[in-house]
Each structure stands twice: as C-alpha cells, then as structure tokens.
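Reviewing the structure listed below.
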Ligand SMILES: [Zn+2]
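What follows is the structure in structure tokens.
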C-alpha cells in the first residue's frame with residue numbers, strides 16, 4: 021500500500037526515490053560520485069560519506085518535486101542498512117531516522133542486495149517470485165533463489181573476487197582508468213576474444229572464482245611486454261588492438277563463467293522467472309549472452325541500466341515488501357542475504 | 582524550541598532549549614547505545630521544534646555520523662534551520678575559566694583544543710598540561726589522560742551541556758542543509774589497488 025520514500029547511500033551513489041505500491045517509480049534521483057573518486061582510482065570511503073551528507077538535501081527536494089509529492093503523502097521510509105561502507109550507510113540511515121521522526125512516518129532498513137532483485141520488479145510490474153536471481157556487482161556475484169517476497173536463499177557465490185571487482189582490476193592492468201567496468205566493456209566491443217584466449221574459471225558446484233583469471237591476464241601482459249599497456253605501437257603489431265582483444269577475452273571468460281553457473285542453477289531449480297541484476301548486469305556481452313543461455317526455459321528480466329546500478333527506487337521497492345518496520349535501523353556493513 | 586544533539590563523544594548529550602535559550606530538558610546516553618535513536622525521536626516528538634543544533638565534531642566515527650545525519654534529517658523534515666556547533670568549542674563553553682576541551686578519537690587518541698590554539702589530534706601525553714580538561718570521554722580515556730598527568734575540571738564547577746549550547750547559540754549561525762559538514766582532522770589516502 022501507498023507511497024515509499026527510498027534512500028540509498030551504501031557506496032558511491034547517493035539516491036532518493038519515490039515509489040508507489042512497490043512497483044511504480046514516481047521519481048528516482050541519483051547522484052554518482054565517480055568524478056569525486058576518479059583521482060584516487062577507487063572509492064575513498066570517507067570522501068563518499070561526506071558527499072552523501074552534502075547531496076542528500078538536494079536529492080530529497082528533487083525526488084519530492086519530481087514525484088509531485090508532499091511529505092504527508094509518504095507512508096513508509098526505506099533506507100539501505102547494508103551491506104556497504106559503514107560511514108556511508110550511517111549517513112543514509114541517520115537522515116532516514118531524522119525524516120521519520122520529523123514526519124512520524126514508519127521506517128524500515130533494507131538489505132541492498134534484495135534491492136537489486138526488486139529492481140527487476142520495477143522493470144516488469146507483473147514479475148512475482150518464485151524466481152532465480154543472479155546479482156553481479158563490484159562486491160557480489162551471488163546466485164539466489166527467491167521462493168517468496170522477503171525470502172532469499174543463496175545457492176552460489178564467489179570464493180574470491182566479485183565479477184565487478186575482477187573487471188575493475190583487469191581494467192587497471194590494461195591502463196583503462198576508473199571506473200573500470202564500463203571502460204573495459206567499451207574497449208571489448210572492438211576486440212576479438214579468440215585472438216588472446218584466457219582460461220575460463222570453473223569450480224565444481226555453483227561457486228565462482230575470478231582470481232585465477234586475473235593472474236592469467238597479469239602473466240599474459242608480462243609476456244607481451246610493456247608495449248601493450250603503454251599504448252606504443254610495436255613493430256610487430258598494433259598494441260591497442262591487442263589490448264582490445266585482451267579486454268574482450270577477459271570479459272568473455274567472466275561472462276561465460278557467470279552464465280555457466282546460472283545455466284546449471286536453472287537446470288537444478290527450474291523456476292519460471294530469472295533475474296540478472298546489479299551493476300555488472302549493465303555489461304553488453306552479459307546482457308546478450310544471458311538472453312541466449314536462459315532461452316525459452318524461463319522468462320528473463322534484466323533491469324534497464326539505470327536500475328541495474330545502485331539507486332533508491334530499488335530500495336523503496338524492497339522496503340515496500342519488507343515485513344519488518346522498525347523504529348531504530350541497525351547499520352550492518354557486512355550484511356548478507 | 583531548540584533541539585541540541587551532540588553524539589560526537591563517549592557520552593551522547595541531548596538538550597531541549599526554549600527559543601530564548603533556557604534549558605528545558607537534558608539527557609545523556611552512552612555512545613553506541615541502541616537507545617540513542619529512540620531518545621532522540623522521543624525528545625523531538627515532545628516539543629514544537631523551531632531549530633536543530635548539532636555538534637559537528639571532531640569526534641567518534643560512528644556517533645558523529647549518527648547524530649549529525651539524524652539532526653539533518655529532522656531539520657529537513659520539519660523545514661527548520663540547522664546550526665552546526667564545533668564539538669570542542671561546545672565542551673569548552675561549559676567552563677567559565679579557560680579549559681582544554683577533549684573528545685574521543687578512538688585507538689587511545691584524543692582530539693583536543695587548547696585555549697587560543699587550534700583543534701589537534703594526539704596521545705594523552707602529547708596534550709599540553711597548561712589547562713584543566715573538559716569533555717565527555719570514555720572511562721578508559723579519562724584514566725589514560727589522568728595517568729598522563731592531566732586534571733579534569735570537576736563537573737560541579739561546570740555549566741550543564743544545555744547551558745553551554747545556549748551560550749554558543751547566541752552567536753552561532755545556521756547553514757544551508759547541503760552545507761552541513763563534519764569536522765575532520767585526518768587526511769585521505771588512496772584506496773589499496
Ligand atoms: Zn549494488
């Protein structure tokens with residue numbers, strides 16, 4: 021029932037959204053801190069937390085304005101309580117608590133990972149559990165079953181790096197700058213994976229591992245010499261083409277590994293609905309190949325790019341279906357499913 | 582009414598002042614107590630608030646963020662002004678005589694402000710012993726400061742927290758919601774590659 025205000029500050033995106041009945045986005049304002057962290061080559065937690073505090077007031081105004089809503093229209097405030105960066109989560113939860121006190125509105129703490137699954141329900145309003153989900157981001161590569169609203173069971177996860185982390189590290193090795201994922205995606209479009217084959221990680225069961233692949237790329241770059249990353253054109257070939265081929269090959273190995281397990285999970289748990297979501301689900305090859313791998317065994321939902329990356333609409337949606345409405349939200353940076 | 586929130590040290594201090602600055606209510610909660618949010622919520626709901634004042638640090642990592650963010654959310658929600666108060670000056674305002682204000686920095690270190698000086702961060706032994714100390718630090722920190730030769734000014738000779746806030750509010754000015762800043766003393770380093 022009603023209108024939910026969502027607040028998301030778990031990492032380097034500040035976002036406020038208004039969602040109706042857990043399904044219809046009235047506004048979803050996102051401020052990305054990419055430029056703030058660019059010079060550091062990664063997210064600096066303290067800078068991120070400061071920025072969340074400074075941006076939230078304006079984003080709240082924009083979200084209310086965009087939805088044409090007044091504070092008195094809001095039935096529930098949903099705020100990310102984890103997983104994420106401690107200082108960042110504290111800012112979002114604190115502001116949520118303050119607003120809830122000001123408006124006498126119920127408040128609920130939302131699991132950010134659940135939010136990534138609920139993003140798919142914003143993209144497809146008729147989507148209902150049971151479903152099989154693959155959440156891939158900078159911190160997670162998780163295969164989950166969702167038998168009903170508010171219930172998740174992890175059936176596969178990564179042993180070491182998350183898929184997004186692997187992309188970021190590979191991009192750094194290739195000298196592609198920050199953020200690495202989108203840069204690698206773009207470069208891979210001009211490359212040919214077959215010219216620079218890399219191993220495709222494979223563990224038994226539904227577990228992932230990407231650290232071996234990362235090492236394989238490191239050794240390959242060492243064998244090829246400095247010329248590849250330094251953008252100089254060696255006499256025996258075009259280094260930028262080798263780089264593109266390596267990007268394509270790395271991407272291919274990660275994507276096929278992700279989908280191999282999704283395929284196995286779908287065989288073991290034949291659910292009618294499949295969701296692939298999270299920041300890495302913005303990857304071009306993953307989007308294309310996921311559709312092919314799932315085929316007609318299930319209906320696949322991949323949220324549009326702006327709902328794959330972190331946003332508050334997905335938090336509002338997850339909050340709408342959450343059964344625990346509480347007074348004091350406990351921040352948990354290492355919250356699991 | 583003015584709601585004053587200081588969650589920057591080992592004891593969180595809350596006060597309600599009348600618009601003219603009289604202390605109507607004060608409460609003290611141990612930092613990290615799950616009770617803190619409930620107390621803030623309850624105090625906010627009992628009074629018709631016209632202003633929120635928050636201690637902006639320097640101080641404890643978790644506490645500071647909780648109080649400042651709550652104060653900001655409350656002020657934004659009620660569309661009332663927010664006033665930042667530097668933690669160490671707020672503590673110093675509890676005394677009529679000159680004192681060195683201290684607050685918790687974690688890992689045995691202490692933020693301190695010597696009269697006429699600048700806020701600094703250091704071990705108990707590094708703090709000049711020129712003045713008596715004032716501040717809501719943890720018992721272990723207080724013991725370490727005492728062991729290093731420091732003397733705390735007795736509570737009985739100090740103004741209450743609310744009265745100190747009232748003194749400061751006479752000259753403190755509000756800031757735009759988006760301009761509220763936490764006060765830090767550490768620099769940032771690049772994350773591990
Ligand atoms: Zn995320």
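Protein chains in written order, with the working numbering: chain A, 21 to 357; chain B, 582 to 774. Ideal Cβ positions, reconstructed from N, Cα and C, are used throughout, including at glycine. As the structure is a prediction and not an experimental result, all values here were calculated from the model.
Beta bridge counterpart(s) of residue i as assigned by DSSP
i: residue 573/B; result: Because chain B in this structure spans residues 582 to 774, residue 573/B falls outside the shown range and cannot be described.
i: residue 693/B; result: 683/B, 701/B
i: residue 126/A; result: Per DSSP, none; premise fails for residue 126/A.
i: residue 316/A; result: Answer is none; residue 316/A lacks a bridge partner.
i: residue 611/B; result: 592/B
i: residue 634/B; result: 585/B, 664/B
i: residue 340/A; result: According to DSSP, which records beta bridges pairwise, residue 340/A is partnered with nothing at all.
i: residue 162/A; result: 155/A
i: residue 4/A; result: Any answer about residue 4/A is impossible in this case: the structure gives chain A only from 21 up to 357.
i: residue 168/A; result: 171/A
i: residue 354/A; result: Bridge partners of residue 354/A: none, in fact.
i: residue 756/B; result: 663/B
i: residue 598/B; result: 583/B, 604/B
i: residue 562/B; result: Any question about residue 562/B goes unanswered here, given that chain B covers just 582 to 774.
i: residue 346/A; result: 127/A
i: residue 25/A; result: 38/A, 97/A
i: residue 44/A; result: 40/A
i: residue 293/A; result: 151/A, 319/A
i: residue 715/B; result: 682/B
i: residue 225/A; result: Residue 225/A is not bridged to any residue.
i: residue 102/A; result: 131/A
i: residue 727/B; result: DSSP output for residue 727/B lists no bridge partner at all.
i: residue 176/A; result: 163/A
Anticipated Cβ contact below 8 Å, residue i with residue j, distance rounded
i: residue 360/A; j: residue 135/A; result: Nothing can be reported for residue 360/A: it is not among the residues displayed for chain A, which extend from 21 to 357.
i: residue 681/B; j: residue 694/B; result: 7 Å
i: residue 717/B; j: residue 594/B; result: 7 Å
i: residue 38/A; j: residue 121/A; result: Incorrect: roughly 19 Å between the Cβ atoms, too far for contact.
i: residue 265/A; j: residue 216/A; result: 4 Å
i: residue 634/B; j: residue 719/B; result: Actually they are not in contact, since the Cβ atoms of residue 634/B and residue 719/B sit about 24 Å apart, beyond 8 Å.
i: residue 730/B; j: residue 585/B; result: About 32 Å; that fails the 8 Å criterion.
i: residue 100/A; j: residue 28/A; result: 5 Å
i: residue 375/A; j: residue 199/A; result: Examination of residue 375/A is not possible in this model, given that chain A is present from 21 through 357 alone.
i: residue 654/B; j: residue 587/B; result: The pair is not a contact, with the Cβ atoms about 17 Å apart (cut-off 8 Å).
i: residue 310/A; j: residue 279/A; result: 6 Å
i: residue 293/A; j: residue 151/A; result: 4 Å
i: residue 341/A; j: residue 170/A; result: 6 Å
i: residue 36/A; j: residue 646/B; result: Not quite, the Cβ-Cβ distance comes to about 18 Å (not below 8 Å), so this is no contact.
i: residue 705/B; j: residue 726/B; result: 5 Å
i: residue 183/A; j: residue 204/A; result: Not quite, the Cβ-Cβ distance comes to about 11 Å (not below 8 Å), so this is no contact.
i: residue 32/A; j: residue 57/A; result: 6 Å
i: residue 686/B; j: residue 639/B; result: 7 Å
i: residue 714/B; j: residue 683/B; result: 5 Å
i: residue 77/A; j: residue 759/B; result: 5 Å
i: residue 388/A; j: residue 224/A; result: Coverage of chain A is limited to positions 21 through 357, which leaves residue 388/A absent and any answer about it impossible.
(message) Count Cβ pairs between the segment 65-74 of chain A and the segment 37-47 of chain A that sit closer than 8 Å; are there 3 or more?
(response) Segments in contact, no.
(message) Please identify, using Cβ separations under 8 Å, the residues of the segment 635-650 of chain B that lie next to chain A, in order along the chain.
(response) 642, 643, 646, 647, 648, 649, 650
(message) Three Cβ pairs or more, each shorter than 8 Å: is that satisfied between the segment 305-322 of chain A and the segment 172-179 of chain A?
(response) no
(message) Three or more C-beta pairs under 8 Å: does that hold for the segment 662-678 of chain B against the segment 329-346 of chain A?
(response) No: fewer than three Cβ pairs fall under 8 Å.
(request) Specify which residues have a beta carbon nearer than 7 Å to any heavy atom of ligand 1, listing them in chain order. (result) 30/A, 31/A, 132/A, 136/A, 157/A, 298/A, 299/A, 330/A
(request) Specify whether the segment 323-332 of chain A and the segment 137-155 of chain A touch according to this definition: at least 3 beta carbon pairs, one from each stretch, less than 8 Å apart. (result) Judged by Cβ distances under 8 Å, the segment 323-332 of chain A makes contact with the segment 137-155 of chain A, as three or more pairs qualify.
(request) Quick one: which residues of the segment 61-92 of chain A get their C-beta closer than 9 Å to a C-beta of chain B? List them in chain order. (result) Within the segment 61-92 of chain A, the residues whose Cβ lies closer than 9 Å to some Cβ of chain B are 61, 62, 63, 64, 65, 66, 67, 69, 70, 72, 73, 74, 75, 76, 77, 78, 80, 81, 91, listed in chain order.
(message) Closer than 8 Å is the cut-off here; do at least three beta carbon pairs connect the segment 70-83 of chain A with the segment 338-354 of chain A?
(response) No contact exists between the segment 70-83 of chain A and the segment 338-354 of chain A.
(request) Anything in the segment 593-617 of chain B with a Cβ closer than 9 Å to a Cβ of chain A? List those residues in chain order, please. (result) 615, 616, 617
(request) Check distances from the C-beta atoms of the segment 677-710 of chain B to those of chain A and list, in chain order, the residues that come in under 8 Å. (result) none
(request) Indicate whether the contact test is met: 3 or more Cβ pairs, each with one atom in the segment 145-165 of chain A and one in the segment 597-614 of chain B, closer than 8 Å. (result) no
(request) Evaluate contact between the segment 295-308 of chain A and the segment 94-106 of chain A, counting only Cβ atoms and requiring at least three cross-stretch pairs below 8 Å. (result) Taking a cut-off of 8 Å on C-beta distances, the segment 295-308 of chain A does not touch the segment 94-106 of chain A, as fewer than three cross pairs fall below it.
(message) By the 7 Å beta-carbon criterion, what residues does the segment 174-186 of chain A contribute toward chain B?
(response) none
(request) Could you please tell me which residues of the segment 197-209 of chain A, in chain order, have their CB closer than 7 Å to any CB of chain B? (result) none
(message) Please identify, using Cβ separations under 8 Å, the residues of the segment 110-134 of chain A that lie next to chain B, in order along the chain.
(response) 110, 111, 112, 113, 114, 115, 116, 117, 118, 119, 120, 121, 122, 123, 124
(message) For the segment 229-240 of chain A against the segment 74-87 of chain A, do three or more pairs of beta-carbon atoms, one drawn from each stretch, fall closer than 8 Å, so that the two count as touching?
(response) no
(request) Quick one: which residues of the segment 337-356 of chain A get their C-beta closer than 9 Å to a C-beta of chain B? List them in chain order. (result) 347, 348, 349, 350, 351
(request) Give, in chain order, every residue of the segment 735-753 of chain B whose Cβ lies closer than 8 Å to some Cβ of chain A. (result) none
(request) Check distances from the C-beta atoms of the segment 647-676 of chain B to those of chain A and list, in chain order, the residues that come in under 8 Å. (result) For the segment 647-676 of chain B, which is checked against every Cβ of chain A, the residues closer than 8 Å are 647, 648, 649, 650, 651, 652, 653, 654, 655, 656, 657, 658, 659.
(request) Could you name the residues of the segment 224-235 of chain A whose beta carbon sits closer than 7 Å to any beta carbon of chain B, in the order they occur along the chain? (result) none
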